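**Student:**
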Amino acid sequence: MFLDRFTNFLKYEKRYSDHTLAAYTHEVQRYLGRLLDQDTSLRDVTHRHARAYLAGLLEAGHSPTSVNRSLSALRTYHKFLMREGALPHNPFTLVKALKAPKRLPVVVDKDKLSALLDMEHAFPDTFEGLRDRTVLELLFGTGIRLAELLHIRDEHIDFYNKNLLIFGKRSKQRLVPLNRTLLALLRRYIAEKKAQQFDNISTQLIVTKEGKHAYRKLIYNIVTRYLSTVSSQQKRSPHVLRHTFATALLDNGADLNAIKELLGHAGLAATQVYTHNSVERLKSVYKQAHPKA
């Protein structure tokens, strides 16, 4: 019911990211499919039905975090239907979110990563090699999200003021500084892109080897391939570089509020998770160095 209108509501009014948009749409489609299987109308859904549906997801092996995402999506969907006058109430407002265990952000060794990025021979002497290095340097050097990386255009780079304009979640804008190495690399990359005449194909900064707009899977493959040379950990996603960026700043004495602004977090709570990584690192140092540890 109203699924297309709900999707447009999320995209144009709520200004959710493409990733969140896809996740919410998937959750609602799965929910509507279950109601259809049970021959249950949306108007007949009560808070008991809502609880039973989410409990079924948990029993099927979904994590508490995944179930909470479903709850958030379905609360939003029913709230939208109420606004449209299609439903009189929202049964999901009476359902409490599950307590999900807090997981520490996964990071890679920043010294090994820096050494990799400083090695010219680690990247092929081709446009693709230059692009791959630019992707890694941008993610590690600015802490931006994957979706934010894919939306950067050449004109978003201010070489004079040494910063980058980022469009974050819900199109919220922020400026992030660019270090000297990254600025020089971006100049090289953009010049090579123009030499390849790729700027006539796509307006985006990061492009494929054919000059087309880069996509999520391509960035994942780039990051995974290169991180595998410096880390044996299972998780090697672009978000790991964001975590590594934040943890490196915190370890070197950066103010938590400053890190919050750089990451584009709406509140300080999301940033505070990185303090746990620093505490764990201090505990490790203490155990290794203190005679009574």
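Each residue of the sequence shown is one higher than the last, beginning at 3 in my numbering.
Note that CB positions come from ideal geometry on N, CA and C, so glycine has one too.
Predicted, not measured: the structure shown is a model, and the values here were computed from it.
Gln-235 by DSSP, collapsed to three states: which one?
**Tutor:** coil
**Student:** Pull the bridge partners of Leu-64 from the DSSP assignment, please.
**Tutor:** The sequence as given places His at residue 64; Leu does not occur at that position. Per DSSP, none; premise fails for His-64.
**Student:** Return the residue from the list His-267, Phe-8, Glu-29 that minimises the CA-CA distance to Phe-169.
**Tutor:** Closest option to Phe-169, Cα to Cα, is His-267.
**Student:** How is Asp-253 classed by DSSP in three states: helix, strand or coil?
**Tutor:** helix
**Student:** Do the stretch 87 to 99 and the stretch 108 to 121 make contact, defined as three or more Cβ pairs closer than 8 Å?
**Tutor:** no
**Student:** Do you know offhand how far Pro-65's Cα is from Lys-211's?
**Tutor:** Checking the displayed sequence, the identity of residue 65 turns out to be Ser instead of Pro. Ser-65 and Lys-211 have their C-alpha atoms roughly 38 Å apart.
**Student:** I believe His-21 touches Ala-149 by the beta-carbon criterion, under 8 Å. Please report the beta-carbon distance rounded to the nearest angstrom.
**Tutor:** 6 Å
**Student:** What ranges does the alpha helix (DSSP H) occupy inside the stretch 43 to 131, keeping only unbroken runs of at least 4 residues that lie completely in it?
**Tutor:** Whole alpha helix (DSSP H) segments, 4+ residues: 49 to 61, 66 to 85, 112 to 120.
**Student:** Going along the chain, which residues of its own chain have a beta-carbon closer than 7 Å to the beta-carbon of His-153, five neighbours each way excluded?
**Tutor:** Phe-169
**Student:** Bridge partners of Asp-160, per DSSP?
**Tutor:** Asn-165
**Student:** Check Gln-206 in the structure and name its three-state DSSP category.
**Tutor:** strand
**Student:** Taking the C-alpha atoms as reference points, what is the distance between Ala-102 and Ala-57?
**Tutor:** Those two C-alpha atoms are separated by around 14 Å.
**Student:** Just tell me which of Phe-4, Asn-10, Tyr-14 has its CA closest to the CA of Ala-173.
**Tutor:** The amino acid at residue 173 is misidentified as Ala; the sequence shows Ser. Selected option, being the one with the closest Cα: Tyr-14.
**Student:** In the DSSP assignment, what residue or residues form a beta bridge with His-215?
**Tutor:** As DSSP reads the structure, His-215 sits in a beta bridge with Val-209.
**Student:** List the whole-angstrom C-beta distance separating Ala-260 from Gly-145, where the pair is believed to meet the contact cut-off of C-beta under 8 Å.
**Tutor:** Not quite, the Cβ-Cβ distance comes to about 11 Å (not below 8 Å), so this is no contact.
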